[in-house]
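Okay, structure first, notes after.
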Amino acid sequence: MKVYIGTCVTCNKEIYCKDGFLDGVNERGRLYCFTCSEERQQETEHNKN
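Okay, so the sequence shown: first residue is 180 according to my numbering, each after it adds one.
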C-alpha cells in the first residue's frame, strides 16, 4: 500500500509511506526526500571541518 505523506521541503518531490515505511526522512517535523536529506547531511559534515 502507498499513502501520500507530503512533499520534500527542498525540492517538492512527493513523499509516500510504502508498506509501512516512510519513503523519505522526517527531520524536526520537516520532510525531505532521500536525495535532499543526503545532500543536507554532506553539507553539515563539510561545514564541521
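Note that beta-carbon positions come from the ideal geometry of N, C-alpha and C, so glycine has one too.
Compute the Euclidean distance between the alpha carbons of residue i and residue j, then round it to the nearest angstrom.
{"i": "glutamate 217", "j": "glutamate 206", "result": "12 Å"}
{"i": "lysine 227", "j": "threonine 214", "result": "20 Å"}
{"i": "glycine 208", "j": "threonine 186", "result": "12 Å"}
{"i": "asparagine 191", "j": "arginine 219", "result": "15 Å"}
Counting C-beta neighbours from all protein chains within 10 Å, is the total for residue i 16 or more, i.e. buried, or is it exposed?
{"i": "tyrosine 183", "result": "exposed"}
{"i": "glycine 203", "result": "buried"}
Below 7 Å CB to CB, which residues in the same chain sit around residue i once its five sequence neighbours on both sides are set aside?
{"i": "tyrosine 195", "result": "Lys181, Val182, Tyr183, Ile184, Asp202"}
{"i": "threonine 189", "result": "Tyr211, Cys215"}
Over what stretch of residues does the beta strand (DSSP E) that includes residue i continue unbroken?
{"i": "cysteine 196", "result": "193-197"}
{"i": "threonine 186", "result": "181-186"}
{"i": "arginine 209", "result": "209-211"}
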